[in-house]
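>
Protein chains in written order, with the working numbering: chain A, 1 to 147; chain B, 1 to 147; chain C, 1 to 86; chain D, 1 to 86.
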């Protein structure tokens, strides 16, 4: 099972996890990213490059399936305007091996952070809007997986 | 938030995750272990040492909170008779840092595997029942965290 | 005389045929290993369960301990196979 | 004459004030770096967005590439800041 969705709408995590659990692998790992409302942030606007996003996420998913013995994988990434507390991204993995499920989940979220063509603009209560700068730390984490 | 439950009943993963998401940390990781129906297994019977389980799991949770900047943690471990497809264990962690959430989740499940006083008996279709042997690999994984 | 409550789990419990019993100690200095050897000498299910200490783990008052640990004034000694949780 | 469709994202798009445009190439050998320098020379929002290539990333036909890559017969060249997904 491999499910990839790039969408504006929220999603049902329990449905995603139930689908992964039903595969019979014994282990399901997940990571969910949520908008933090720090520093007066009122909304996060996510822009993406649709023609490229699908290709890149598909490639990252294939890479994970090749590196770990996964029996299922689900990646959901939202775009558009999101307010604090809303989910941005979900990665779920299923495997017979808990290590494979957890590691591939970390791998996928690290790659989404530094290789998926999304850009975040932070909107503040005072009306200011800033494009979020990429973090060298995120790039380093993605590169760690290349070793 | 720290929630520990040792129980016979199934649990609602979406409620656990929603509680962790609501903490505002930005990142929630989870691992769910499910009974596999391999080799003609019809049920898994989990016995535990109640007086010790609560103490050990509490200690493991404290250790995780000390090692990673977690803002929430949820551990649920079932005992009793479970059939293939049923959930055995859930670990959920919340943090501002995705690495902390994912690593502490891996740490907790590795420790539950080799340090929580549970024993599994596998019941097969032919009537045979075998106590599941511990795996050296699980012990090694738990020891890796001591380094 | 010093005594301790023994609790058994998994196949140790099944072989011995009970989940709990009270046992007098030779002295508070008696180690878990010495007590296990003494119990195994009872034969039958005790021998089956306890003859090979390498297959066993112990917890004294709910804390994992080694077999060279003296039982002292502990209230509860648990004997069981390596755990298989998670 | 060879041409390519440029697509812009995030603050690159905002500074330039459009999300897409068609641009003729000097030759198919023209690299992304050379084209970016040529566009920055237009001044205004182009200069603002493109004057410092170190702040930019590029994708040619939806694949990440370096700025020394020749544009060749590619159909679409995307210019954008480092990504911040996840």
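For glycine and all other residues, C-beta sits at the position ideal for the given N, C-alpha and C.
Any contact between the stretch 45-53 of chain D and the stretch 6-19 of chain D? By contact I mean 3 or more CB pairs, one from each, below 8 Å.
yes
> Go through its chain and collect everything with a Cβ distance to residue 36 of chain A's Cβ below 8 Å, but skip five positions before and after it.
Residue 36 of chain A sits at position 36 when you count from the first residue of the first chain. If we look at residue 36 of chain A and ignore the five residues flanking it on each side, its Cβ neighbours are 84.
> Could you check if residue 26 of chain D is buried or exposed, using at least 16 other CB atoms within 10 Å of its CB as the buried criterion?
For the purposes of this step, residue 26 of chain D is taken as the residue at position 26 of the fourth chain. Residue 26 of chain D comes out exposed.
> What are the start and end residues of the beta strand (DSSP E) that includes residue 20 of chain C?
Here the question's residue 20 of chain C lines up with position 20 in the third chain. Unbroken beta strand (DSSP E) run through residue 20 of chain C: 20-24.
> For residue 119 of chain B, collect the residues of the same chain with a Cβ closer than 6 Å to its Cβ; drop the 5 residues on either side in sequence, then sort them by chain order.
Here residue 119 of chain B corresponds to residue number 119 of the second chain, with the count starting at 1. Cβ within range, chain order: 47.
> With the cut-off set at 8 Å, would you say residue 132 of chain B and residue 86 of chain C are in Cβ contact?
Looking up residue 132 of chain B in the second chain gives position 132. Looking up residue 86 of chain C in the third chain gives position 86. Result no, Cβ atoms of residue 132 of chain B and residue 86 of chain C do not sit closer than 8 Å.
> By Cβ distance below 6 Å, which residues in the same chain neighbour residue 158 of chain A in space, the five residues on each side in sequence not counted?
Residue 158 of chain A is absent from the model: chain A starts at 1 and stops at 147.
> Ignoring anything shorter than 3 residues, give me the beta strand (DSSP E) runs that lie fully in the stretch 97-131 of chain B, in order along the chain.
Secondary structure within the stretch 97-131 of chain B: the beta strand (DSSP E) runs of 3 or more consecutive residues, fully enclosed, are 118-124, 129-131 (chain order).
> Using a Cβ-Cβ distance under 8 Å, would residue 28 of chain A count as near chain B?
Looking up residue 28 of chain A in the first chain gives position 28. Yes - at least one Cβ of chain B is within 8 Å of the one on residue 28 of chain A.
> With a threshold of 7 Å (Cβ to nearest heavy atom), would residue 5 of chain B be considered close to the ligand NAD?
Summarising the ligand content, the structure contains no ligands, and the ligand NAD is consequently not present.
> Between the stretch 25-33 of chain B and the stretch 22-39 of chain A, can you find at least three pairs of beta-carbon atoms closer than 8 Å?
yes
> Whether or not the stretch 57-64 of chain A and the stretch 43-59 of chain B are in contact is what I'm after, with contact meaning three or more pairs of Cβ atoms, one per stretch, closer than 8 Å; do they touch?
no
> Could you tell me the alpha carbon to alpha carbon distance between residue 108 of chain A and residue 91 of chain A, rounded to whole angstroms?
For the purposes of this step, residue 108 of chain A is taken as the residue at position 108 of the first chain. For the purposes of this step, residue 91 of chain A is taken as the residue at position 91 of the first chain. Their backbone Cα atoms lie some 7 Å apart in a straight line.
> Just to check my reading of the structure: residue 79 of chain D and residue 58 of chain D have Cβ atoms closer than 8 Å, yes? What is that Cβ distance to the nearest angstrom?
Here residue 79 of chain D refers to the residue found at position 79 of the fourth chain. Here residue 58 of chain D refers to the residue found at position 58 of the fourth chain. Contact holds; Cβ gap of about 6 Å.
> So, residue 8 of chain C versus residue 19 of chain C, is the Cβ gap smaller than 8 Å?
Residue numbering aside, residue 8 of chain C sits at position 8 when the third chain is read from its first letter. Residue numbering aside, residue 19 of chain C sits at position 19 when the third chain is read from its first letter. Contact: yes.
> Select from the stretch 43-70 of chain B all residues with a C-beta closer than 7 Å to any C-beta belonging to chain C, and list them in chain order.
47, 49, 51, 52, 55
> Thinking C-alpha only, which one of A:16, A:139, A:52 is nearest residue 110 of chain A?
Translated into positions along the first chain, residue 110 of chain A becomes position 110. Among A:16, A:139, A:52, the Cα nearest to that of residue 110 of chain A is on A:139.
> At 7 Å on the CB atoms, spell out the chain C contacts of residue 107 of chain B, in chain order.
By one-based count along the second chain, residue 107 of chain B stands at place 107. Within chain C, no C-beta atom comes less than 7 Å from the C-beta of residue 107 of chain B; the nearest is roughly 12 Å away.
> For residue 50 of chain D, list the residues DSSP reports as bridge partners.
Sequence index remark: in the fourth chain, residue 50 of chain D carries index 50 (1-based). DSSP, once it has assigned bridges, lists no residue as partnering residue 50 of chain D.
> Ignoring anything shorter than 3 residues or poking outside the stretch 40-86 of chain C, list the beta strand (DSSP E) runs there in chain order.
57-60, 63-65, 76-80
> Which of the three DSSP states is assigned to residue 8 of chain B in this structure?
Within the second chain, numbered from 1, the residue matching residue 8 of chain B stands at position 8. Residue 8 of chain B: coil per DSSP, three-state reduction.
> Could you tell me which of B:147, B:116, B:94, B:103 sits nearest to residue 3 of chain B, measuring between CA atoms?
Within the second chain, numbered from 1, the residue matching residue 3 of chain B stands at position 3. In terms of CA proximity to residue 3 of chain B, B:94 leads the group B:147, B:116, B:94, B:103.
> CB residue 116 of chain B to CB residue 83 of chain C, shorter than 8 Å?
Against the second chain, residue 116 of chain B aligns to sequence position 116. Against the third chain, residue 83 of chain C aligns to sequence position 83. Yes.
> Residues of chain F with a CB under 8 Å from the CB of residue 59 of chain C: which are they?
Included in the structure are the protein chains A, B, C and D, with no chain F among them.
> Within a Cβ cutoff of 8 Å, which residues of the same chain sit near residue 10 of chain A, ignoring the five residues on either side of it in sequence?
Numbered from 1 along the first chain, position 10 holds the residue referred to as residue 10 of chain A. Correct list, in chain order: 78, 86, 87.
> So is residue 72 of chain A buried or exposed if we call it buried at 16+ other beta carbons inside 10 Å?
In the first chain, the residue the question calls residue 72 of chain A occupies position 72. Buried, by the Cβ-count rule.
> Tell me which residues share the same chain as residue 129 of chain A and place their Cβ nearer than 6 Å to its Cβ, disregarding the 5 neighbours each side in the sequence.
Counting from 1 along the first chain, the entry for residue 129 of chain A is found at position 129. Cβ within range, chain order: 121, 123.
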